[in-house]
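All letters in the sequence shown, in the order written, are residues 252 to 537 by the numbering used here.
Heads up, the thing below is written out as structure tokens.
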Amino acid sequence: MNKEDYNVIVRYIFDVCGIVLGDDKEYLVEHRLKPILDELGCGSFSDLTRKLNSGTVNFLMREKIINAMTTNETSFFRDEHPYVVFREKIMPDMFERVRQRKERSYQRRGAKVRMWSVAASTGQEPYSMAMTIADEVNTKGMGLVVLEDFGILGTDISTKVLAKAVEGAYEPFDVARGLTPEALDRYFIKEKDFYVIKDNIRKIVEFKAFNILEPFENIGSFDVIFCRNILIYFTDEVKRKILAQLFQMLAPNGYLLLGSTENMYGLNDDFKIEWFGTTTVYRKPT
Ligand SMILES: C[S@@+](CC[C@H](N)C(=O)[O-])C[C@H]1O[C@@H](n2cnc3c(N)ncnc32)[C@H](O)[C@@H]1O
């Protein structure tokens, strides 16, 4: 791939998914796109560049490029400490919200606490949230707060990872990272070589393709948002726009968690910041 081709491809990736690829990522782009050139109907990178320049890249080709170019690294209970905060600080508040909303409405509709895993990748993040909720409901719900009082939306731009998330079937390597043997027993069924998420966990998680660069208005509002390990790929300008929209989507006093290496310093002043050990939680003031 020559420099010109590289620049066109990098520009395209930036335009469609906001991901910034510096001059040192030539090898990465080549490594990820070369295997799909055939599928894209291109004999070479110059062919691809021509198609990108002439605007003849259709939806399917776009999808294949996104699927190949996104980095989908994730694991169950990634970084551990955010999930401790989720369990110990956020969940008691969510229980209270369920109770208050049920009191306020005779019908159960509208009582749900909604959570969003913005970059769900292959599903480990939303399923870790759901497992934590299930643990809390089982030990403290006393039949008054039930699993169905919660709904988690997992979104990602990559349809490839979402398909795996929906399937909820993981290899031994995936479940060896982040899960205790007890959690594995409680929330997975072993089917041949895979560990499959049990239905009670699966039924409170739904997945949807969503590009975070697009307007958020049809997504709804959320009590808790996990937007972890995605902002790192974007420019400050894109980060600012996303954070401003996340602020809008968050319910009053709601919680936003970013990745361990991410923060909103210099990007947004609207959130109230709370620290719990090494975990920073961003809240929407009432
Ligand atoms: C490194 S993974 C993070 C997964 C998970 N949140 C975690 O912390 O383990 C980043 C995810 O962001 C997704 N992504 C990248 N650009 C995106 C965009 N513009 N809109 C939505 N998702 C995007 C990628 O497909 C990838 O699955």
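Every residue gets a Cβ at the ideal spot worked out from N, C-alpha and C, and that includes glycine.
Here asparagine 519 carries a coil assignment [DSSP, helix/strand/coil]. Burial state of aspartate 474 is buried, judged by a 10 Å Cβ sphere holding 16 or more other Cβ atoms.
For threonine 406, the enclosing beta strand (DSSP E) starts and ends at 401-407. The Cβ-Cβ distance between isoleucine 403 and methionine 342 does not fall below 7 Å.
The three-state secondary structure of threonine 529, taken from DSSP, is coil.
Between ligand 1 and leucine 303, a heavy atom-to-CB distance of less than 6 Å is absent. Annotation: cysteine 268 is outside any beta strand (DSSP E); the continuous alpha helix (DSSP H) that includes it extends over 254-268.
Between the alpha carbons of phenylalanine 439 and isoleucine 448 lies a gap of roughly 5 Å. By the Cβ rule, the stretch 373-393 counts as touching the stretch 449-458, because three or more pairs are nearer than 8 Å. The stretch 474-493 and the stretch 521-528 do not touch, with fewer than 3 CB-CB distances between them shorter than 8 Å. Taking a C-beta distance under 7 Å as the contact criterion, glycine 405 and alanine 416 qualify as a contact pair. Proximity of the beta carbon of arginine 313 to ligand 1 is not indicated: no heavy atom of the ligand is located closer than 6 Å. Taking the C-beta atoms as reference points, valine 259 is found no nearer than 7 Å to threonine 321. For isoleucine 440, there is no enclosing alpha helix (DSSP H); the enclosing beta strand (DSSP E) covers residues 439-442. In chain order, Met500, Ala502 place their CB closer than 6 Å to the CB of serine 472, counting only its own chain and leaving out the 5 sequence neighbours on each side. Distances from the CA of valine 412 to each of Asn309, Gly394, Ala370 were compared; the closest alpha carbon is that of Ala370. By the neighbour-count definition (other C-beta atoms within 10 Å, threshold 16), tyrosine 516 is an exposed residue. Around methionine 345, the same chain offers Val364 as residues with beta carbons nearer than 6 Å, after the five sequence neighbours per side are excluded. Counted as a single uninterrupted DSSP element, the beta strand (DSSP E) harbouring aspartate 474 occupies residues 473-478. Setting aside the 5 residues that flank it on each side, proline 423 is surrounded in the same chain by Asp444, Tyr446, each with a C-beta closer than 8 Å to its C-beta; the list follows chain order.
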